[in-house]
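Residue numbers (our numbering), protein chains in the order written: chain A, 5 to 322; chain B, 5 to 322. Only one structure is covered here, and it is reproduced in the block below.
There are 2 protein chains.
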Amino acid sequence: MAEFGLIERIRARAAHPRDDVVLGIGDDAALLQPPPGMQLVVAMDTLNDGVHFPHGTEAARVGWKALAVNLSDLAAMGAEPAWCTLSLSLPDGDPAWVDGFLDGFLALAGEHRVALVGGDTTRGPLSISVTVLGFVDPGRALRRDGARVGDQVWVSGSLGAAAAALEQWRAGGARDAALGERLDRPRPRVALGRALGGVASACIDVSDGLLADLGHVCAASAVGVLLDIDALPGADRLRRWFGGEAVRTLQVAGGDDYELCFTVPAGADAIARAAAGAAATGVEVTRVGTVVAGQGVQAVDRDGRPWRPERPGHEHFA
Amino acid sequence: MAEFGLIERIRARAAHPRDDVVLGIGDDAALLQPPPGMQLVVAMDTLNDGVHFPHGTEAARVGWKALAVNLSDLAAMGAEPAWCTLSLSLPDGDPAWVDGFLDGFLALAGEHRVALVGGDTTRGPLSISVTVLGFVDPGRALRRDGARVGDQVWVSGSLGAAAAALEQWRAGGARDAALGERLDRPRPRVALGRALGGVASACIDVSDGLLADLGHVCAASAVGVLLDIDALPGADRLRRWFGGEAVRTLQVAGGDDYELCFTVPAGADAIARAAAGAAATGVEVTRVGTVVAGQGVQAVDRDGRPWRPERPGHEHFA
């Protein structure tokens, strides 16, 4: 199918109606009306075939994930997503694949009232780039550089499920469907991120593995973190399939969790507000550590002994 | 080189200082402060190795072009560019290639005061996605759907040079350096686009070839265009190397021109304002046709005889 046919196919399905879209797909660029007084929040992430998802992954899952990883970045800023653009590089113009991709992409876009307003379709190895745009009240954005000594460290949901599913897929044996769902259909914590705006002192989404991502918070905030390796949520499910050390490594170095890791000032008021915000969004949150003076993340087990993973966090080009 | 090293390398060089960048590269997303009352304009384009540029193209030229094609889309909307995000997929993390790429990318960004505020670096076949963001006064955006019967059709600069350079590169013989420069370093007509805001009735950038792109204007505006094939600017230079029919085909179907094609209401006032706007930006503009009732572009030669190209416009997946 030719490029203009593909664009028309996408345009025909793309419209999540929003009053602030002056002009969507079909011109040289999109025209959008930002709400007055808000800051614009912009993130861009790319998924490549065989790198970010196994070759042959169902198109709908690729579509879902391509938007989810971007919405997760906006969640980590405490932002409200509004619009996105999509660039699809396809080895051929297979309309059935594009339809499947849109099934997943637009299902998630609809859940978050995000309008697909533009982008590009080109020929090339399968690759998907997405840019998401959203808003945040000035001063309420969650950044990486606000953690202070004494703050508590929390994470949402559970850690390690996606990495565990990938291990099972690679091993080729039995697979846990619930873990697989976490790999294929991560749920960006958008509502939680917004609830934490003005409450959490720092926030990041866990995409490269908790140790690596928390390390970014430490570096940006010029602090250290003491991480309780045995407090990480989600270990029970993983222990059905993996040994204790493997579980710990999956949880801190696995990547693809798309949970939020955030810090909260230690005062009772801030903690109560963070807990109330999380409760209102229905997302479980777990305290996993403390911000300390120093640099980097030190993991300790339940007996206070230092713990190191078998392998470092996921990193491209490693 | 590892991903975080690459990001740091990009961040260290990226900063075009702008007061409206609250938070640039280095967090989960960029934080930006849009100017009050303006509409946001967003375009996203991808270049793939071997599809949009020949494999082995110098990194600096790839960098320049990756931003140029996006700025050209903003130019076609009459918008002022402000910020961009960049996603680089690299087969390996070669820092020398990235440095060269940034040389070209940031040179053009600096010319237009565009700040690189975020993006992604991933492993994969060489591919570059860029999203540009800019502004336009409400009601002054140049769209494709505003052409009316009787309007004049104009183009900026010259047509066919980039396609001619590609032909010469493919043929492997003598090459015209000035034509090659047009292929490698297209100059987005940002100032001209802004000057045409509120004056031109429709506008598009010429990226897929004049016939194809003018066809989009016709479709969006529900009009036809009578195109004077012998009025197209830039033919003289091409005739040094190519025969008459080949010149015409390069000019209307070649692609990669990144000129603006725009329509102007026929009244003397509008034409004078468009001409004055163009003159102020130092860009030559040439009248090449007339908007007529009907649909699609009909090309005619200087004697009024219908003319058809040997091949249709450039199209992916064709």
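C-beta atoms are modelled at their ideal positions from N, C-alpha and C, and glycine is treated no differently. Remember, it's a predicted structure, so these values are computed and weren't measured experimentally.
With respect to the alpha helix (DSSP H) encompassing residue i, which residues constitute its N-terminal and C-terminal limits?
i: A/D49; result: Where A/D49 is concerned, there is no enclosing alpha helix (DSSP H), although the beta strand (DSSP E) it sits in stretches over 43–52.
i: B/T285; result: 272–285
i: A/V251; result: 248–257
i: B/R230; result: Note that residue 230 of chain B is Leu in the sequence shown, not Arg. Looking at the DSSP string, B/L230 is not in any alpha helix (DSSP H); the run it does join, the beta strand (DSSP E), is 228–232.
What residues from chain B crowd round residue i, counting only those whose CB sits closer than 8 Å?
i: A/D77; result: D32, A33
Please list, in chain order, the chain B residues whose beta carbon lies closer than 7 Å to that of residue i.
i: A/R148; result: D31
i: A/P40; result: P40
i: A/Q43; result: V26, L35, L36, Q37
i: A/A80; result: D32
In chain A, which residues lie less than 8 Å from residue i when you measure between Cβ atoms?
i: B/D46; result: One point to set straight first is that residue 46 of chain B is Val, not Asp, in the sequence displayed. Simply A33, A34, L36, W87, T89, V121, G122, T135, L137.
i: B/V229; result: Going along chain A, no residue has its Cβ under 8 Å from B/V229, so there is no contact; the nearest lies around 17 Å.
For the beta strand (DSSP E) holding residue i, just list the boundary residues, first then last.
i: A/E263; result: 263–268
i: A/L146; result: It is not in any beta strand (DSSP E) - A/L146 carries neither H nor E in the DSSP assignment.
i: A/R127; result: 119–127
i: A/L242; result: Note, A/L242: premise wrong, no beta strand (DSSP E); alpha helix (DSSP H) at 239–243.
i: B/R291; result: 289–296
i: B/Q156; result: 156–160
i: A/I29; result: Where A/I29 is concerned, there is no enclosing beta strand (DSSP E), given that its DSSP letter is neither H nor E.
i: B/V301; result: 300–304
i: B/G138; result: 131–140
i: A/L35; result: 34–36
What in chain B is Cβ-close to residue i, meaning under 9 Å?
i: A/T267; result: Ordered by position in chain B, no residue passes the 9 Å Cβ test against A/T267, which lies about 14 Å from the chain.
i: A/A145; result: V26, L27, D31, A33, L35
Give the residues of chain A in contact with residue i, contact being defined as C-beta atoms less than 7 Å apart.
i: B/T50; result: S91, S93, D124, T126, S133
When the cut-off is 8 Å and only beta carbons count, does residue i lie next to chain D?
i: A/M48; result: Of the protein chains in the structure, A and B, none is chain D.
Mind checking the stretch 108–134 of chain B against chain A and listing, in chain order, the residues whose C-beta falls within less than 8 Å of any C-beta there?
-> The residues in question are V121, G122, G123, D124, T125, T126, R127, G128, P129, S131, S133.
Taking only beta carbons into account, state which residues of the stretch 82–108 of chain A come closer than 9 Å to chain B, listed in chain order.
-> Going along the stretch 82–108 of chain A in chain order, one finds A83, W87, T89, L90, S91, L92, S93, L94, D96, G97 with a Cβ nearer than 9 Å to chain B.
Give, in chain order, every unbroken run of the beta strand (DSSP E) that is at least 3 residues long and sits entirely within the stretch 42–116 of chain A.
-> Every unbroken stretch of the beta strand (DSSP E) spanning 3 or more residues and falling wholly within the stretch 42–116 of chain A is given here in chain order: 43–52, 84–94.
Could you say if the stretch 207–220 of chain B and the stretch 301–313 of chain B meet the contact criterion of at least three C-beta pairs nearer than 8 Å?
-> With a cut-off of 8 Å on Cβ pairs, the stretch 207–220 of chain B is in contact with the stretch 301–313 of chain B, counting three or more such pairs.
Which residues, in order along the stretch 269–290 of chain A, keep a beta-carbon less than 8 Å from a beta-carbon of chain B?
-> Taking a C-beta cut-off of 8 Å against chain B, none of the residues of the stretch 269–290 of chain A qualify.
Just checking, does the stretch 270–278 of chain B make contact with the stretch 152–168 of chain B on the three C-beta pairs under 8 Å criterion?
-> Yes, since at least three Cβ pairs between the stretch 270–278 of chain B and the stretch 152–168 of chain B fall closer than 8 Å, the two stretches touch.
Between the stretch 196–210 of chain A and chain B, which residues of the former have a C-beta closer than 7 Å to a C-beta of the latter?
-> Residues of the stretch 196–210 of chain A with a C-beta atom less than 7 Å from some C-beta of chain B are I208, D209, listed in chain order.
Using 8 Å as the Cβ pair cut-off and three pairs as the minimum, do the stretch 112–128 of chain A and the stretch 61–72 of chain A touch?
-> By the Cβ rule, the stretch 112–128 of chain A counts as touching the stretch 61–72 of chain A, because three or more pairs are nearer than 8 Å.
Enumerate, from N- to C-terminal direction, the unbroken beta strand (DSSP E) stretches of 3 or more residues contained entirely within the stretch 170–221 of chain A.
-> Restricting attention to beta strand (DSSP E) runs no shorter than 3 residues, the stretch 170–221 of chain A encloses them at 206–210, ordered along the chain.
Short-range partners of chain A found in the stretch 160–181 of chain B, where Cβ spacing is below 8 Å = Residues of the stretch 160–181 of chain B with a C-beta atom less than 8 Å from some C-beta of chain A do not occur.
Are at least three pairs of beta-carbons, each pair with one atom in the stretch 216–232 of chain A and one in the stretch 161–176 of chain A, less than 8 Å apart?
-> As far as the Cβ criterion goes, the stretch 216–232 of chain A does not touch the stretch 161–176 of chain A, which means the pair count is below three.
Under 9 Å (Cβ pairs) to chain B, residues found in the stretch 54–69 of chain A = Taking 9 Å as the upper bound on Cβ-Cβ separation, chain B lies near residues G54, V55, H56 of the stretch 54–69 of chain A.
Inspect the CB distances between the stretch 135–147 of chain A and the stretch 75–86 of chain B and report whether three or more fall short of 8 Å.
-> Result no; under three Cβ-Cβ pairs closer than 8 Å.
Inspect the CB distances between the stretch 24–40 of chain B and the stretch 100–107 of chain A and report whether three or more fall short of 8 Å.
-> Because the criterion of three Cβ pairs below 8 Å is not met, the stretch 24–40 of chain B and the stretch 100–107 of chain A do not touch.
Contact between the stretch 233–253 of chain A and the stretch 201–208 of chain A: three or more CB pairs below 8 Å?
-> The stretch 233–253 of chain A, when compared against the stretch 201–208 of chain A, does not touch it at the 8 Å Cβ threshold.
If you pair each beta-carbon of the stretch 118–135 of chain A with each one of the stretch 10–27 of chain A, do three or more pairs fall below 8 Å?
-> For the pair of segments examined, the stretch 118–135 of chain A was found to touch the stretch 10–27 of chain A: the number of CB pairs separated by less than 8 Å reaches three.
Are the stretch 123–143 of chain A and the stretch 185–192 of chain A touching by the rule of at least three beta carbon pairs closer than 8 Å?
-> Not touching, per the Cβ criterion.
Counting Cβ pairs closer than 8 Å, one from the stretch 217–228 of chain A and one from the stretch 33–45 of chain A, do we hit at least three?
-> Touching, no.
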